[in-house]
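Asker: Chains as they are written, first to last, in the numbering used here: chain V, 43 to 260; chain E, 43 to 260. The beta carbon of each residue, even a glycine, is placed where N, CA and C say it ideally should be.
Protein chains: 2
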Amino acid sequence: MQSQAKPTDPQAETAAHDFVYRKLRSRIIWGEIAPGESLTLRGIGKEYSVSMTPAREAVRRLAAEGALSISASGRVSTPVLSNERIEELAALRALIEVELASRALPRAHMALIDRLQAINHNMTEIVQNRDAVGYIRANLEFHRALYLRAQAPAMLALIETVWLQMGPTMRALYTRLQRSEAPHYHRLIIAALKAGDEPGLRLAVRSDVTQGLKMLAG
Amino acid sequence: MQSQAKPTDPQAETAAHDFVYRKLRSRIIWGEIAPGESLTLRGIGKEYSVSMTPAREAVRRLAAEGALSISASGRVSTPVLSNERIEELAALRALIEVELASRALPRAHMALIDRLQAINHNMTEIVQNRDAVGYIRANLEFHRALYLRAQAPAMLALIETVWLQMGPTMRALYTRLQRSEAPHYHRLIIAALKAGDEPGLRLAVRSDVTQGLKMLAG
DNA sequence: CGTTGCTTTTTGTGATCACAAGCGTGCTAT
DNA sequence: ATAGCACGCTTGTGATCACAAAAAGCAACG
Numbered sequence: 043m044q045s046q047a048k049p050t051d052p053q054a055e056t057a058a059h060d061f062v063y064r065k066l067r068s069r070i071i072w073g074e075i076a077p078g079e080s081l082t083l084r085g086i087g088k089e090y091s092v093s094m095t096p097a098r099e100a101v102r103r104l105a106a107e108g109a110l111s112i113s114a115s116g117r118v119s120t121p122v123l124s125n126e127r128i129e130e131l132a133a134l135r136a137l138i139e140v141e142l143a144s145r146a147l148p149r150a151h152m153a154l155i156d157r158l159q160a161i162n163h164n165m166t167e168i169v170q171n172r173d174a175v176g177y178i179r180a181n182l183e184f185h186r187a188l189y190l191r192a193q194a195p196a197m198l199a200l201i202e203t204v205w206l207q208m209g210p211t212m213r214a215l216y217t218r219l220q221r222s223e224a225p226h227y228h229r230l231i232i233a234a235l236k237a238g239d240e241p242g243l244r245l246a247v248r249s250d251v252t253q254g255l256k257m258l259a260g
Numbered sequence: 043m044q045s046q047a048k049p050t051d052p053q054a055e056t057a058a059h060d061f062v063y064r065k066l067r068s069r070i071i072w073g074e075i076a077p078g079e080s081l082t083l084r085g086i087g088k089e090y091s092v093s094m095t096p097a098r099e100a101v102r103r104l105a106a107e108g109a110l111s112i113s114a115s116g117r118v119s120t121p122v123l124s125n126e127r128i129e130e131l132a133a134l135r136a137l138i139e140v141e142l143a144s145r146a147l148p149r150a151h152m153a154l155i156d157r158l159q160a161i162n163h164n165m166t167e168i169v170q171n172r173d174a175v176g177y178i179r180a181n182l183e184f185h186r187a188l189y190l191r192a193q194a195p196a197m198l199a200l201i202e203t204v205w206l207q208m209g210p211t212m213r214a215l216y217t218r219l220q221r222s223e224a225p226h227y228h229r230l231i232i233a234a235l236k237a238g239d240e241p242g243l244r245l246a247v248r249s250d251v252t253q254g255l256k257m258l259a260g
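#1: Excluding sequence positions up to five away, which residues of its chain have a Cβ less than 8 Å from the Cβ of Lys236(E)?
#2: If I'm right that Leu9(E) touches Leu134(V) with Cβ under 8 Å, what's the distance once you round it to whole angstroms?
#3: Between the C-alpha atoms of Trp72(E) and Asn181(E), what's the straight-line distance to the nearest angstrom?
#4: Buried or exposed: where does Thr120(E) fall if 16 or more other Cβ atoms within 10 Å of its Cβ makes it buried?
#5: What's the C-alpha gap between Arg103(V) and Val101(E)?
#6: Express the C-alpha separation of Tyr216(V) and Gly85(E) in angstroms, rounding to a whole number.
#7: Suppose contacts are defined by Cβ-Cβ distances below 7 Å. Is Ile178(V) in contact with Met152(V) by that definition?
#8: Strictly by DSSP, which residues pair up with Leu81(V)?
#9: Please look up how many angstroms separate the CB atoms of Leu131(V) and Val251(V), rounded, as I've assumed it's under 8 Å.
#10: So Met197(V) contacts chain E; which residues on that side make the cut at Cβ distance below 8 Å?
#11: Would you tell me roughly how many angstroms separate the C-alpha atoms of Leu219(E) and Ala106(V), rounded to the nearest one?
#12: If you draw a straight line from the alpha carbon of Gln53(V) to that of Ala114(E), how long is it in whole angstroms?
#13: Report yes if the C-beta distance between Ala97(V) and Val122(V) is below 7 Å; otherwise report no.
#14: Excluding the five sequence neighbours on either side, which residues of its own chain have a C-beta within less than 8 Å of the C-beta of Arg149(E), listed in chain order?
#15: Check each residue of the region 136 to 160 of chain V: if its Cβ is closer than 8 Å to any Cβ of chain E, include it; give the result in chain order.
#16: Mind checking Arg117(E): buried by the 16 CB within 10 Å criterion, or exposed?
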């Protein structure tokens, strides 16, 4: 029995390809998939109970965002980043995130600062549990919460594609590193926000973003 | 008679979906399609003699890059940008292109400067012919030639997606504007390159990129 | 004359299939 | 024992179809 097309909704709940896209995207951006790990369309389809068609569309979309790489023969895998590429992506993060933070600063209310502090507090616990995925997840949540205040959707979308590209590599980096404490630059960010200190905020964000890179080079 | 699959090559020449993607991408980035213009999968397929499948994949890829927007019901059209979004995209151009130019500077040979001058010279002719598409095309060629020297593929890829998003709107802007001369900031860029003047180069690029925006606001 | 209702057409979505290339495995020959 | 080759399985690609929803065209009514 082939029930053809979507049995119930068109894309009211969310289309199948979009559902698969979101699921995969989360796994990638949170570093749940190792760099260079390969995926198959049929495998993805089976995992989410859809046919190859929506799986293919989700994969194409992610590939367009740099979250997946497709070989010449069409094989799908998470990208393995060279050191040069990591440096570039970190530079992009520094460039764009500093701008976002700067734009968010005048709009930062107390509620935002409270939320950032709460997230940051959670991170100290996560770190003690040696939970790399949880760490990345909370870290992104921290940055996203801040940048949302910038009211700059295009910039936010762009920086998220950069995060996406770094996802698998970040996980490899963090598990190798085993941090012992929450990022202390986050506290500098919060302090600068409280003080309304723009230069300090820019520096703190830039430092936080490029800090991981130094460990890689060292 | 259904000849199923690709009759000759797998993706040796380039897969059908990739072919369609490239064609559409060119048309969009050069401003050959007006903002808000709508496309259909069957129409695209017919235009390039392929079925809906590769057309759909090309469209998804372009949508992921922001070159096309897809309505809640799945309808495909070129995006209509709000003024706020244009300002954001221009800010992103300024941010990233200044960085790219800066990285290209130490690598800029005489051959590059000659090429930039040649492109710029062509633009004066194109302007007199009132050829908006040709203008955008040459302008992008100018910038791309410069940024290629930066040896920063991730940054270049990112900025190209920004250009893509602005494509249709740029055309609307330039036809409305009817420039009378080639962009004079290009000459400042070339001069700064020759002199090895980094601050001057950064300022010239930033001015060139944000100049179009001012006309919009005025 | 405009508006509301229904019917027809258009359009995107997802499943399925045939096909070809990739890739690995195991066998054979030297 | 190792190198080369052939076979089979895996995997991506593209065409086609059935379906549902949205859009457009059309008619009848206020």
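Answerer: Once the coordinates are examined:
#1: Around Lys236(E): Ile155.
#2: Nothing can be reported for residue 9(E), as the shown portion of chain E is limited to 43 through 260.
#3: Straight-line spacing of the CA atoms in Trp72(E) and Asn181(E) works out to 10 Å.
#4: Label assigned to Thr120(E): buried.
#5: Their backbone Cα atoms lie some 10 Å apart in a straight line.
#6: When rounded, the distance between both Cα atoms is 48 Å.
#7: No, the Cβ-Cβ distance between Ile178(V) and Met152(V) is not below 7 Å.
#8: DSSP links Leu81(V) through a beta bridge to Val118(V).
#9: Incorrect: roughly 10 Å between the Cβ atoms, too far for contact.
#10: Chain order gives the chain E residues near Met197(V) as Glu130, Ala133, Leu134, where near means a beta carbon separation below 8 Å.
#11: Distance between the alpha carbons of Leu219(E) and Ala106(V): 33 Å.
#12: Confidence at Gln53(V) is low in this model, with a pLDDT of 48, below 50, so the placement of that residue is unreliable and no value is reported for it.
#13: The answer is no: Cβ separation not under 7 Å.
#14: Arg191, Ala192, Gln193.
#15: Residues Leu137, Ile138, Glu141.
#16: Counting Cβ neighbours within 10 Å, Arg117(E) comes out exposed, since fewer than 16 surround it.
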